[in-house]
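Trainee:
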Amino acid sequence: MIGYQAENHLFTLHTRSSSYQFMVDPSGYLLHTYYGPRVGGGSFAYRLRQADRGFSPNPNSEGHTRTFSLDTQPQEYPSSGVGDFRIPVLEVENADGSRAADLRYQSHVIRPGKYALPGLPAFFAKEEDAQTLEITLEDPVTGLRAVLYYGVIESRDMITRAVRIENAGDKPVALTRVMSLCLDLHQGDLDLITFDGRHTGERHPHRRRLAPGIQMVSSTRGATSHQHNNFIMFCAPDAGETHGWCLGAALVYSGNFEAAVERTQFDTARMTLGISPWQFRFTLAPGETFTAPEAVMIFSREGFSGMTHQFHRAIRDNLCRGEWAHRRRPVLLNTWEAAYFDFDSEKLLEIARCAAETGVELLVMDDGWFGTRNDDRGGLGDWFVNEQKLPGGLAPLVHAVNELGLDFGLWIEPEMVSEDSRLFAEHPNWALRIPGRPATRGRSQLVLDFSRTEVWQYVYAQIKKVLSSANITYVKWDMNRSLTDVLSAALPAERQGEVYHRFVLGVYAMLEQFRKDFPHILLEGCCGGGGRFDCGMLYYTPQIWASDNTDAMDRLLIQYGTSFCYPVSVVGSHVSAVPNEQTGRVTGLDTRAAVAMAGTFGYELDPRSLSVAERQQMRLEIDRFRHLYDLIQYGDYDRLTDPFAPGPFTAWQQTAPDGSAALVTVVTGMARSNDAFATVYPRNLLPDALYSVNGADAVRGDVLMYGGIPLPHVGGDYRAMQFELTRQG
Ligand code: GLA
């Protein structure tokens with residue numbers, strides 16, 4: 018609900034359990050007053066304190082009053098170059114070379130429903146479940162306008178933000194920094210949590226106390242990156258999983274980003290989140306507009322788990338779209354680690370035959386089926402079937418796989434081109450390259466200039482033809498290198514600062530076209546695993562391959578960090594062969610299956626290499642996953658332990674929203690001789706209800722939660738146990 022008190026120009030945005038408030042001051046500045054637990058509607062304007070602070074200048078409109086300074090006031094969308102020295106939110110270069118923008122309130126409108134953003138992903142809601150506040154600010158000197166969008170999805174505790182910049186003046190203006198979100202918190206003694214890592218080790222949480230000055234994570238790789246996720250958290254220093262306040266903020270975008278936080282001189286904190294200003298320069302001619310991507314926030318007073326539950330619900334119900342958002346996803350077997358580039362129709366059919374016996378529902382043919390792609394040095398861009406490997410094209414193979422009772426899917430990497438390809442020979446300037454400078458390779462490939470509509474449309478036409486040639490029900494959309502040599506042959510020198518963003522817009526446009534033409538195809542995102550794991554992609558692809566690392570023990574860490582924002586239903590997770598390809602570690606099939614069940618669940622191995630007993634076990638695990646499907650995919654997810662902290666095991670829980678069932682999964686670490694008794698403590702059960710654990714006599718929910726479930730001594734390293742709690746009365 019969005020409330021507006023005209024007499025004191027106060028806006029209060031209420032969600033189910035949080036409130037967010039700001040006001041327009043007499044000079045037209047938007048001052049932030051509150052973000053925290055839901056309140057009845059009182060004004061927090063009294064928190065805006067003023068004093069004459071040395072070296073904090075005063076706007077001219079204040080006359081000679083020295084107590085009001087933009088440098089000290091908490092603001093919603095601060096002006097720049099006119100007296101606020103904290104991290105800037107908007108930076109412009111005016112036609113006269115000046116770098117100032119002074120934005121003042123003009124008007125506002127409150128509408129039912131949630132705004133959408135043209136060409137960009139955004140959370141959505143039914144008209145009756147959301148509201149939008151649109152505020153127009155204007156610079157009286159240049160005519161530059163900023164239209165701030167606030168969306169409130171009440172039941173999800175979500176507040177969304179976006180901004181459209183309009184050049185309403187009569188001269189061009191260049192935007193050099195346009196953050197989507199600014200949040201000026203009234204206290205600075207906070208913990209910041211970011212999710213960081215590397216290829217095959219993504220989204221490990223790092224928590225630290227805010228220090229004076231600016232702390233920042235960002236990506237300049239053209240995609241969100243394996244190194245830092247564009248979801249971050251703040252919390253009270255004493256907050257944990259089940260207590261203390263916290264808030265999470267995510268950027269709904271898949272390109273360069275920056276999340277910066279400043280603990281200020283007066284112990285407040287400013288957070289900004291948006292497109293990275295690195296190499297960003299977007300020119301607006303008079304009348305032109307620029308829309309910055311959406312950023313969303315969820316506040317919880319019940320610790321991290323309260324925030325996580327709401328993010329998971331919002332991503333499942335208000336971000337993932339299309340048929341597959343809520344449809345039961347197939348248990349798939351991907352051929353990558355089974356065959357790499359070395360396959361033909363016959364081999365795929367043998368794998369499919371074997372997979373069918375175990376209950377696998379979908380065969381995914383990974384990289385290597387097109388052009389002259391026999392290794393990772395050539396063929397990208399040539400999206401036609403390699404008939405030496407697949408005689409007669411896709412149709413006969415897919416038909417034969419379908420006959421075995423399996424659906425069929427395939428891998429593509431549309432944004433890339435190999436120098437050794439027909440596409441590159443025909444259109445060498447379709448790759449991002451700097452004329453006169455040898456191209457930088459990544460995985461021996463170059464990046465196509467998707468900022469050009471004709472480029473993505475050409476690639477798409479080829480892919481569309483292939484997809485239309487057979488019964489394809491799944492596509493894995495990959496992206497296997499970072500952007501370099503970023504120069505578009507189609508744009509003049511002064512517009513090259515737009516290419517990174519235009520590239521992302523091109524990717525989104527092609528994804529949108531794909532979704533329209535093939536609504537029945539399940540799309541899985543991928544970027545060398547988890548290099549583009551973000552809310553932007555989830556608007557188009559309802560699941561994303563979480564990491565190229567399939568080792569069960571490493572996955573515990575990756576999936577733990579991922580779970581703070583992203584629900585199980587979007588986390589691509591598979592059982593692979595041992596010794597594991599990435600770590601060389603050997604874990605049991607049951608452990609690998611239990612870990613993959615904290616995701617979409619599938620296989621990434623050659624079932625022909627398994628023993629009969631292992632294949633039987635695979636069948637049982639697939640049956641078990643099917644039986645637990647709703648609980649796993651739609652249950653509320655709780656992290657019961659922190660796998661980065663010392664301890665004998667890692668555990669998590671999925672609980673039916675009505676408390677009728679729960680699944681507790683435990684994975685032990687290295688075995689220790691004569692170790693202490695271990696106990697896992699479930700959460701979120703109904704205290705008075707009776708639950709049976711794996712079919713044993715029923716026990717009260719409160720007994721289980723506070724007394725815990727004793728773990729049997731199983732012996733050996735890395736062992737998994739699953740406890741199914743079923744309500745009996
Ligand atoms: C990336 C993906 C893998 C696989 C290969 C194929 O690394 O993350 O899963 O598809 O590409 O080349």
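Everything in the sequence shown is counted per our numbering, starting at 18 for the first residue and increasing by one. Where a beta carbon is used, it is the ideal one built from N, C-alpha and C, also for glycine.
Could you pull out every residue in the same chain whose Cβ sits closer than 8 angstroms to the Cβ of Ala507, ignoring the five residues on either side in sequence?
Mentor: Same-chain partners within the cutoff: Asp466, Ser468, Arg469.
Trainee: Can you have a look at Val731 and say buried or exposed, based on whether 16 or more other CB atoms are within 10 angstroms of its CB?
Mentor: Burial call: exposed.
Trainee: I think Val164 touches Val180, with their Cβ atoms under 8 angstroms apart; what is that distance to the nearest whole Å?
Mentor: Between Val180 and Val164 the Cβ distance is about 7 angstroms, and since that is below 8 angstroms, they are a contact.
Trainee: Cα separation between Glu541 and Gly589?
Mentor: Distance between the alpha carbons of Glu541 and Gly589: 8 angstroms.
Trainee: Going by DSSP, name the residue or residues bridged to Cys582.
Mentor: According to DSSP, Cys582 bridges with nothing at all.
Trainee: Could you tell me the boundaries of the beta strand (DSSP E) in which Ser115 lies?
Mentor: Ser115 -> no beta strand (DSSP E), and no H or E assigned at all.
Trainee: Using only the heavy atoms of ligand 1, determine whether one of them is closer than 8 angstroms to the beta carbon of Gly545.
Mentor: Answer for Gly545: yes, Cβ within range of ligand 1.
Trainee: Would you say the segment 506-522 touches the segment 288-304, given that touching needs at least three Cβ pairs under 8 angstroms?
Mentor: Result yes; three or more Cβ-Cβ pairs closer than 8 angstroms.
Trainee: Among Thr149, Pro699, Phe441, which has the Cα closest to the Cα of Thr672?
Mentor: Cα-wise, what sits closest to Thr672 is Pro699.
Trainee: Ordered along the chain, which non-local residues of its own chain (more than five positions away) have a Cβ less than 8 angstroms from that of Leu423?
Mentor: Excluding positions up to five away in sequence, the list reads Ala369, Ala372, Ala373, Val377, Glu378, Leu379, Leu380.
Trainee: Do you know offhand how far Ile104's Cα is from Met196's?
Mentor: Whole-angstrom Cα-Cα distance: 10 angstroms.
Trainee: Going by the CB atoms, is the gap between Ser438 and Leu397 shorter than 9 angstroms?
Mentor: In this structure, Ser438 lies closer than 9 angstroms to Leu397 by Cβ.
Trainee: Is there a Cβ of chain C sitting closer than 9 angstroms to that of Ala373, yes or no?
Mentor: Annotation note: the requested chain C is absent from the structure, which comprises a single protein chain.
Trainee: Ignore the nearest five residues each way along the sequence and tell me which others in Arg287's own chain have a CB closer than 6 angstroms to its CB.
Mentor: Within the same chain, Arg287 has close Cβ partners Arg103, Ile104, Asp201, Glu279.
Trainee: Going by the beta-carbon positions, is the gap between Phe581 and Phe328 smaller than 9 angstroms?
Mentor: In this structure, Phe328 lies closer than 9 angstroms to Phe581 by Cβ.
Trainee: Taking Lys406 as the reference, give the member of His221, Met635, Ala356, Leu504 with the closest Cα.
Mentor: It is Ala356.
Trainee: Please report how far the alpha carbon of Thr608 lies from the alpha carbon of Phe666, in whole angstroms.
Mentor: Going from the Cα of Thr608 to the Cα of Phe666 covers about 12 angstroms.
Trainee: Taking the alpha helix (DSSP H) that Val476 falls in, what are its first and last residues?
Mentor: Its alpha helix (DSSP H) spans residues 470-485.
Trainee: Less than 8 angstroms between the CB of Asp206 and some heavy atom of ligand 1, yes or no?
Mentor: No, the beta carbon of Asp206 sits no closer than 8 angstroms to any heavy atom of ligand 1.
Trainee: Figure out for me which residue from Tyr735, Ala715, Gly652, Pro663 has the closest Cα to the Cα of Gly686.
Mentor: The shortest Cα separation from Gly686 among Tyr735, Ala715, Gly652, Pro663 belongs to Tyr735.
Trainee: Report all residues from its chain with a CB closer than 7 angstroms to the CB of Ser73; omit the five preceding and five following residues, and keep chain order.
Mentor: Cβ within range, chain order: Ser86, Asp88, Thr89.
Trainee: Drop a sphere of 10 angstroms on the beta-carbon of Pro95, count the other beta-carbons inside from all chains shown, and report buried for 16 or more, exposed for fewer.
Mentor: Buried.
Trainee: What is the DSSP secondary structure of Cys552, counted as helix, strand or coil?
Mentor: Correct three-state label for Cys552: helix.
Trainee: Can at least three beta-carbon pairs, one atom from the segment 144-156 and one from the segment 61-73, be found at a separation below 8 angstroms?
Mentor: No contact exists between the segment 144-156 and the segment 61-73.
Trainee: Quick check on DSSP: helix, strand or coil for Asp284?
Mentor: It is coil, neither helix nor strand.
Trainee: At a cut-off of 8 angstroms, is Lys493 close to ligand 1 when judged by its beta-carbon and the heavy atoms of the ligand?
Mentor: It does: the Cβ of Lys493 is within 8 angstroms (strictly closer) of some heavy atom of ligand 1.
Trainee: Val415 and Phe401: beta carbons closer than 9 angstroms?
Mentor: Not a contact, by the Cβ cut-off of 9 angstroms.
Trainee: What does Arg224 pair with, by DSSP beta-bridge criteria?
Mentor: Note: Arg224 sits in a beta bridge opposite Ile210.
Trainee: Pair every Cβ in the segment 563-576 with every Cβ in the segment 597-611, then say whether three or more of these pairs are closer than 8 angstroms.
Mentor: Touching, yes, given that three or more Cβ pairs across the two stretches are closer than 8 angstroms.
Trainee: Along the chain, where does the alpha helix (DSSP H) containing Asp647 start, and where does it finish?
Mentor: Looking at the DSSP string, the run of the alpha helix (DSSP H) that includes Asp647 is 629-651.
Trainee: Do you know how far the Cα of Arg318 is from the Cα of Pro254?
Mentor: Approximately 13 angstroms, taken between the alpha carbons.
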